[in-house]
Amino acid sequence: MYSKPPASNKPAITFGTPVEPVQVRLQKAMALHQSGQLAQAKTLYEGILATQPRNADALSLLAIVATQTRDYPLALETINKAIKINPANAGYYLNRGAAQKELKMLTEAVASFDKAIALKPDYAEAYSNRGIVQKELKQIDAAIASLDRAIALKPGHAEAYWNKSNALLISGDYERGWPLYEWRWKLNDPNFVPRNYTQPLWLGLESVQGKTVYLYGEQGLGDTLQLCRYAKLVKDLGARVVMEVPLPLKSLLQRIDGVDEWVLTGTPPPTFDYHCPLVSLPLALKTTLSTIPGQEPYLHSNELLRAQWSQHLGPRTVPRVGLVWSGNPVQLNDHNRSIPLERLLAYLPPGLEYVSLQKDPREADRATLSACATVRHLGDDFKNYDDTAAVCALMDVVVSVCTSVAHLSAGLGCTTWVLLAYNSDWRWLHDRTDSPWYPSAQLYRQATPGDWSEPMSRLQNDLVKLAGQFPGATPV
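Quick look at the structure:
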């Protein structure tokens, strides 16, 4: 899971004594803002600034809206105006750091948080957000120190604990990282809502011999594909395992080991004794880097579907390369992990057959596909992940950004080349070209935040080598 962004929606603002009508309008705008009506709040903030362009509070709040709606250039421009008007407001520097972080101005973001701390030494949020950015800069010790300071200033600071867990996990310190990852349940985040079952949560302390354990996903499909391997370990403890599965994964996951009964997401579960989300199973089973279970392949494609897709693809005359270049656009980190297809195409050498496994391409990418004769698009024909798995199994290599297909392909044991942003998710660790979770995966990481040219150049070189290894290949 990607680290939670700076808490830019919680600025520290000291109001002066503005003219009453403006204050009333500002309070109304803030009420809309806090209720999530961002467009309406933005309109009111802009209306205030039309008559009072030096209203620093309105500028700061408008910057927060811009950050929340991912208009980061506007956020930075606006908050800088507020700082010029009132350079002594620590909250403004917190908000500037939030925008700078998203613009990949990481060193500048740290400086903004430093300034906030200088103005307000007990500013737990500034320490916490500085730690997040230091983690992104791969300054793990400094990040943990900042997060520890936030926790000392504000005991029970869930975001600081959770971000500390991410820093520990990405550095491979699973023993300390997994317990702190449970702080996600205390975040004010709709992605982490605990299930209120009357049965107890199982985190490995109780014996499950002869008990029924209910497993379920909580985050994205990629997490489910990565961590469903743990079902067999729970089964090996003597439990009866019931697992919840989302519809797109149902037919695929029914072939994994260790599950006695399947429940479709949205359907009431049967009677059980304990429950555990999949992402908590590494804690329950005390996983370390050296004990990661279920070495691939633990996922299996459907033989009949493989045959059908093989016939659809036709004879293989050159190596086949599956492509996935973008993830879910609503995912908070998507602007960092996804790549425009047009940019990827520039790095694809001739001598290979390229097959798009991309489901629901974005409008610009779909236009690129329509005009592209070098990529065969199959993703729109996939009914579910069983189809995707079958086609992955027919590829010589699957090239994917950090999305569910990367986990699917690698879990199948297919050769998988993963393009990763500079600050990747915890599961890929820091500065490795391999993955202890997926022996068949090879990682291509950004060396500089936001710069895909270096990893894609390495990818291009490896694709050229792949083309040259095929019998009868013409040198590229």
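Here our numbering is used: the first residue of the sequence shown is 847, the next is one more, and so on.
Each residue gets a CB set at the ideal place from its N, CA and C atoms; glycine is no exception.
- Residue burial annotation: residue 934 is exposed, with fewer than 16 other C-beta atoms found within 10 angstroms of its C-beta.
- Considering only 981, 1178, 1088, 1082, the residue with the shortest C-alpha distance to residue 1066 is 1178.
- Residue 1236 is positioned such that its CB atom lies closer than 8 Å to that of residue 1155.
- Within the region 1004–1060, no run of beta strand (DSSP E) at least 3 residues long lies entirely inside it.
- The closest CA to that of residue 970, considering only 1010, 986, 998, is found on 998.
- For the region 1096–1152, the continuous beta strand (DSSP E) assignments of 3+ residues that do not extend past its boundaries occur at 1107–1110, 1120–1123, in sequence order.
- Taking 8 Å as the cut-off, the beta carbon of residue 1246 is found closer than this to the beta carbon of residue 1170.
- The alpha-carbon of residue 1013 is positioned some 20 Å away from that of residue 1130.
- Residue 918 is a Cβ neighbour of residue 945, given a cutoff of 8 Å.
- Counting C-beta pairs closer than 8 Å gives three or more between the region 936–951 and the region 905–922, which meets the contact rule.
- Just so you know, the alpha carbons of residue 1192 and residue 1300 end up roughly 13 Å apart.
- In this structure, DSSP gives residue 886 a helical state, which the three-state scheme calls helix.
- Taking the CA atoms as reference points, residue 1256 sits about 25 Å from residue 1021.
- A distance of 8 Å or more separates the beta carbons of residue 1272 and residue 1289.
- Residue 1034 sits exposed, since fewer than 16 C-beta atoms from the chains shown fall within 10 Å of its C-beta.
- By the Cβ-count criterion, residue 1094 is buried, with 16 or more other Cβ atoms from all chains shown falling within 10 Å of its own Cβ.
- The C-alpha of residue 1308 is placed about 12 Å away from the C-alpha of residue 1242.
- With contacts defined as CB atoms closer than 8 Å, residue 1127 and residue 1018 fail to qualify as a contacting pair.
- Apart from the 5 residues on each side of it in sequence, residue 1118 sits with its Cβ closer than 7 Å to the Cβ of 1045, 1058, 1059, 1060, 1088 in its chain, given in chain order.
- In the three-state scheme derived from DSSP, where H, G and I count as helix and E and B as strand, residue 1288 is classed as strand.
- The DSSP-derived three-state label of residue 1279 is coil.
- The secondary-structure analysis by DSSP pairs residue 1265 across a beta bridge with 1247, 1290.
- Residue environment for residue 888: buried (at least 16 other C-beta atoms within 10 angstroms of its C-beta).
- DSSP links residue 1090 through a beta bridge to 1109.
- If you draw a 10 Å sphere on the C-beta of residue 1267, you find 16 or more other C-beta atoms in it, and that means buried.
- Taking the Cβ atoms as the reference, residue 909 lies roughly 5 Å from residue 941, within the contact range of under 8 Å.
- At a Cβ-Cβ threshold of 8 Å, residue 1125 and residue 1069 count as neighbours.
- Residue 1101 and residue 1145 have their alpha carbons spaced roughly 7 Å apart.
- Across the set 1270, 1053, 1008, the C-alpha of 1270 shows the shortest separation from the C-alpha of residue 1296.
- For residue 1314, the uninterrupted alpha helix (DSSP H) run begins and ends at 1299–1315, by DSSP.
- Contact check for residue 902 against residue 872 fails: the beta carbons are separated by 8 Å or more.
- About 19 Å separates the beta carbon of residue 1047 from that of residue 1074, a gap too long to meet the 8 Å contact definition.
- With contacts defined by Cβ atoms closer than 8 Å, residue 1054 and residue 1091 do not form a contacting pair.
- Annotation for residue 1200: no alpha helix (DSSP H) segment contains it, though the beta strand (DSSP E) segment containing it runs 1199–1202.
- Beta-bridge partners of residue 1223 (DSSP): 1202.
- Between residue 1313 and residue 1197, the C-beta gap is smaller than 8 Å, which places the two residues in contact.
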